[in-house]
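According to my numbering, the sequence shown is numbered sequentially starting from 549.
The C-beta atom is built at its ideal place from N, Cα and C for all residues, glycine as well.
Below you'll find the structure, written out as structure tokens, and then a few comments.
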Amino acid sequence: MCGITGFIGDGSRETLERMTSTLVHRGPDDEGYFFQSGRVGLGFRRLAIIDLETGNQPVFNEDRSIAVLLNGEIYNFKSLRAELEKRHTFRTSGDTEVIPHLYEEVGERVFEKLNGMFAIAIWDGRAGKLILARDRFGKKPLYYALLGSALVFASEPKAILTYPGMRRELDFDACAAYLTHEYVPSPRSIYRGISKLEPGSFLVWENGRMRRESYYHITFGDGGAPMREEEGIGELDRLLTDAVEARLVSDVPLGVFLSGGLDSSTVAYYAQRSAGERVKTFSIGFTDPAFDESAHARAVAAHLGTDHHEEILDADQFRDLIPEIFSKLDEPLADPAIIPNFLLSRFSRKTVTVALGGDGGDEIFMGYPTFQAHRLANALEKLPAAIREGIIEPVVNRLPVSLGHWSFDYRLKRFLAGLGFPPGHRDLVWIGAFRPDELSVLLTPDAYAQVRDAGFTLEDRYLADVQNRPLLERSAYLYQKTYLPDDILALKDRASMFVSLELRAPLLDYRVVDFANHLPIRMKLRRFTSKYLLKKLMAPRLPPETVWRKKKGFGVPVARWLSGSGRELVLDTLSPGSLRDTGLFNVAAVERLVREHFEKRADHRKQLWALLVFMWWREQWHRPGNGARAAVGSIERG
549 MCGITGFIGD GSRETLERMT STLVHRGPDD EGYFFQSGRV GLGFRRLAII
599 DLETGNQPVF NEDRSIAVLL NGEIYNFKSL RAELEKRHTF RTSGDTEVIP
649 HLYEEVGERV FEKLNGMFAI AIWDGRAGKL ILARDRFGKK PLYYALLGSA
699 LVFASEPKAI LTYPGMRREL DFDACAAYLT HEYVPSPRSI YRGISKLEPG
749 SFLVWENGRM RRESYYHITF GDGGAPMREE EGIGELDRLL TDAVEARLVS
799 DVPLGVFLSG GLDSSTVAYY AQRSAGERVK TFSIGFTDPA FDESAHARAV
849 AAHLGTDHHE EILDADQFRD LIPEIFSKLD EPLADPAIIP NFLLSRFSRK
899 TVTVALGGDG GDEIFMGYPT FQAHRLANAL EKLPAAIREG IIEPVVNRLP
949 VSLGHWSFDY RLKRFLAGLG FPPGHRDLVW IGAFRPDELS VLLTPDAYAQ
999 VRDAGFTLED RYLADVQNRP LLERSAYLYQ KTYLPDDILA LKDRASMFVS
1049 LELRAPLLDY RVVDFANHLP IRMKLRRFTS KYLLKKLMAP RLPPETVWRK
1099 KKGFGVPVAR WLSGSGRELV LDTLSPGSLR DTGLFNVAAV ERLVREHFEK
1149 RADHRKQLWA LLVFMWWREQ WHRPGNGARA AVGSIERG
């Protein structure tokens, strides 16, 4: 796990070193450079995981005409190397060196052969071209920008922003998308002129021209003859065994994130079964019992016999972590789960350098409550409009506001908010912050006039790819193309990399994903039982409560915190003067959100948190010189 950056075009060695230095948190162990005649620069920061002695980068082929940077891990490198060694000379024992030799043999098809999480840069000196690639599901980030005749790239925007002439301009469409989704969906970034490389694709810069191609496509289908349940259980067991074993390879201490939910418990089970020794597991809990799952994690750890470690988060720690996290986050991401994930990563990093997690299970096995909600929505929409709009909606909207974790009234109101949208857009409304129709009120007229796309155009493009598939598969596809890479995996990457911890996701081995996507829907969502096949597989192996209890998620008490100990920070950050200074937000509209939330007339946790995160980002990254700590420093004194 590392940080990579570089450019092709005008640039100096000093520029390259300055860009690379911004990524030291991603790789504190070493640095490496390739610089060629002021035209090509590759910079690398290393977090040593495999091949501790000779694993620094860039890595080259025999005549050094091909240079490679890798951020991530290639899990099938040993089998690839065994074949390549018949024809190539290797100088290291790490995973990166298979890439230049494999590229020599298969060219741009190299990425199809790799099983791993990666962001890769390949400089082909013979052809004079730079190739950038990102893994199939976007576990590792990769940004790029075109600046004059130069192409600049990096693991994080902060490195690109140091390149001479790069301006920090807000992309208004990306801002609108962020306020809607709570993240900026690929290929956009919050900065005008900087893009994300989309998962499963690669970019080629050659002779001053750029082209992008996909090497992997998410597909669905029942796979021919119906699979019997026993066959599905056996195949899933085989795939998970192999996926976890491949991710246990490490030359440094390794552990497992264990929340006590089904996905992380499944990973912990296979890790403990394969490791041959007690696996270290890590969890955090909350002093607020409505959000605390530490007892479930302890129960699983005791059942599996792992070496378990836990830490408890209270409101004061929540408050104190805000300046530490959001001064580093160079693109706004309003999923509050980044806070406990950061704390868990920092806590685990005291003991291990690599951790396995359960990410991806909800997206591939239809585990989110929204999949169940679609079935309820379809039934409800068959009722006469007079009943829905004249009876059900008024009753729900009069329910008293509770600020608990996904409380009954909150879930019902979010559910009803999505019913007015087409089925393909419901998920986006259910899990997002502001609806597209609310942006014209939230933003000032001048700011809104600069937004060209305030809807779901990008998501509609994805939905068109699967327009002939059932609704629930279209929903799963949308999660896998947007929410998974740009929210879940982005926050996991940032939270872990801020403390130099490598995080691996066995459930997102592409063979597991392909298998799950080609299962019949009934093997994932059986009536209202989610993750059906996974639960059947794990029922004999985990405590019953772990397998069959309802999904809770890695939530944090944001709603209560906003109107409790975080009240002064909300008022300070979203003060009329601060809002007017942005030129973006309608002060009266934001004040109404704050007032209604404080008075418990409405639960605006998502909207307010999205605004707060945006303001903290703006102070640090869009207005350099002010500093994020000026925006959030008051909580350090409070």
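Query raised in the report: In the structure shown, what three-state DSSP assignment does M714 receive?
Result: coil
Query raised in the report: Which of helix, strand or coil does DSSP assign to N619?
Result: strand
Query raised in the report: Is R709 helix, strand or coil when you go by DSSP?
Result: Correcting the residue identity first, residue 709 is Leu in this sequence and not Arg. It is coil, neither helix nor strand.
Query - N- and C-terminal bounds of the beta strand (DSSP E) containing I556 - result: 550-556
Query - Limits of the beta strand (DSSP E) - the one that E631 falls within - result: Not the beta strand (DSSP E): E631 falls in the alpha helix (DSSP H), residues 625-632.
**Report entry** the stretch 690-702 contacting the stretch 741-753, beta-carbon criterion three pairs below 8 Å
**Finding:** yes
Query raised in the report: Buried or exposed: which applies to I552, given that a residue is buried once 16 or more other Cβ atoms fall within 10 Å of its Cβ?
Result: buried
Report task. Measure the C-alpha to C-alpha separation of S569 and S585 and round it to an integer number of angstroms. Result -> 21 Å
Query raised in the report: So, are the CB atoms of P971 and Y726 less than 8 Å apart?
Result: no
Query raised in the report: For M758, which three-state DSSP category applies?
Result: strand
Report task. Return the CA-CA distance between A667 and M1045, expressed in angstroms with no decimal places. Result -> 14 Å
Query raised in the report: Per DSSP, what kind of secondary structure is R1108 in: helix, strand or coil?
Result: helix
Report task. Give me the Cα-Cα distance between G1186 and E1116, rounded to the nearest whole angstrom. Result -> Residue confidence is low: G1186 scores 30 on pLDDT, short of 50, so the model does not pin down where it sits. No coordinate-derived value is stated.
Query raised in the report: Does the Cβ of M758 have 16 or more other Cβ atoms within 10 Å, making it buried, or fewer, making it exposed?
Result: exposed
Query raised in the report: Should D770 go down as buried or exposed, given a rule of 16 or more other Cβ atoms within 10 Å for buried?
Result: exposed
**Report entry** Assigned secondary structure, G676 (DSSP; H/G/I helix, E/B strand, else coil)
**Finding:** coil
Query - Inter-stretch contact (C-beta, 8 Å, three-pair minimum) for the stretch 1036-1054 and the stretch 885-899 - result: yes
Query raised in the report: Among V616, Q1155, S641, which one has its Cα closest to the Cα of L987?
Result: Q1155
Report task. Out of H844, Y731, S1111, state which residue places its alpha-carbon closest to the alpha-carbon of E1192. Result -> Summary: the structure shown does not reach residue 1192, with the chain confined to residues 549 through 1186, and so no result is reported for it.
Query raised in the report: Using CA coordinates, which residue listed in R629, H856, D878 is at the minimum distance from Y739?
Result: D878
Query raised in the report: Pick from G1112, R566, R1075, I647: whose alpha carbon is nearest that of K661?
Result: I647
Query raised in the report: Going straight from the alpha carbon of D1120 to that of V1161, what length do you get?
Result: 13 Å
Query raised in the report: Does the beta-carbon of K898 have 16 or more other beta-carbons within 10 angstroms, so that it is buried, or is it exposed?
Result: exposed
Query raised in the report: Beta carbon of L976, beta carbon of E929: below 8 Å?
Result: no
Requested in this report: Just the C-alpha distance for T728 and A965, rounded to the nearest angstrom, thanks.
Outcome: 14 Å
Query raised in the report: E858 bridges to which residues according to DSSP?
Result: S831
**Report entry** Between the CA atoms of K677 and P590 - distance to the nearest angstrom
**Finding:** Note that residue 590 is Leu in the sequence shown, not Pro. Those two C-alpha atoms are separated by around 13 Å.
Query raised in the report: If you pair each beta-carbon of the stretch 701-709 with each one of the stretch 561-576, do three or more pairs fall below 8 Å?
Result: yes
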